[in-house]
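Undergrad: Here you go, one structure.
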Amino acid sequence: MKYLSLIALPLLVVAAQPALAKGCIRGAAAGAVGGHFVGKGHPILGAAAGCAVVHHHYAKQAKQQAAAKKANAAKPHG
Numbered sequence: 031m032k033y034l035s036l037i038a039l040p041l042l043v044v045a046a047q048p049a050l051a052k053g054c055i056r057g058a059a060a061g062a063v064g065g066h067f068v069g070k071g072h073p074i075l076g077a078a079a080g081c082a083v084v085h086h087h088y089a090k091q092a093k094q095q096a097a098a099k100k101a102n103a104a105k106p107h108g
């Protein structure tokens with residue numbers, strides 16, 4: 031149980047920041063369901079992992095959209 035709190039505390043601090051929230055709820059729900067089927071105590075770890083994975087997906091998508099927007103802005107209008 032000690033180790034779980036050592037892992038969960040930093041994740042909670044990171045997850046508490048509103049800028050990182052996009053996609054976290056959806057990923058946490060999916061991870062919790064997956065973790066529930068794995069075994070006792072795993073829904074919490076599954077939720078944390080799901081939040082991180084889906085947030086990473088949305089962050090990567092946002093980066094690609096920003097790069098595309100920047101590339102379109104750099105094109106000369108003619």
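Using our numbering, you'd call the opening residue of the sequence shown number 31 and step up by one each time. Just so it is clear, CB atoms sit at the ideal spot from N, CA and C, and this is done for glycine as well. Here the structure is a predicted model, which means the values were calculated and not measured.
1) What is the C-beta distance between G64 and G76, in whole angstroms, given that I count them as a contact (C-beta under 8 Å)?
2) Between the beta-carbon of G71 and the beta-carbon of G57, is there less than 8 Å?
3) Apply the 10 Å Cβ neighbour rule to G69 and answer buried if 16 or more other Cβ atoms are within range, or exposed otherwise.
4) Residues in its own chain within less than 7 Å of V84 by CB, not counting five upstream and five downstream?
5) Whose C-beta lies closer than 8 Å to the C-beta of F67 among residues of the same chain, with five residues either side of it excluded?
6) Looking at the structure shown, is P106 part of a helix, part of a strand, or coil, going by DSSP?
TA: So, to answer that:
1) Contact flag correct, Cβ pair sits at about 5 Å.
2) The answer is no: Cβ separation not under 8 Å.
3) exposed
4) G53, C54, R56, G57
5) none
6) coil
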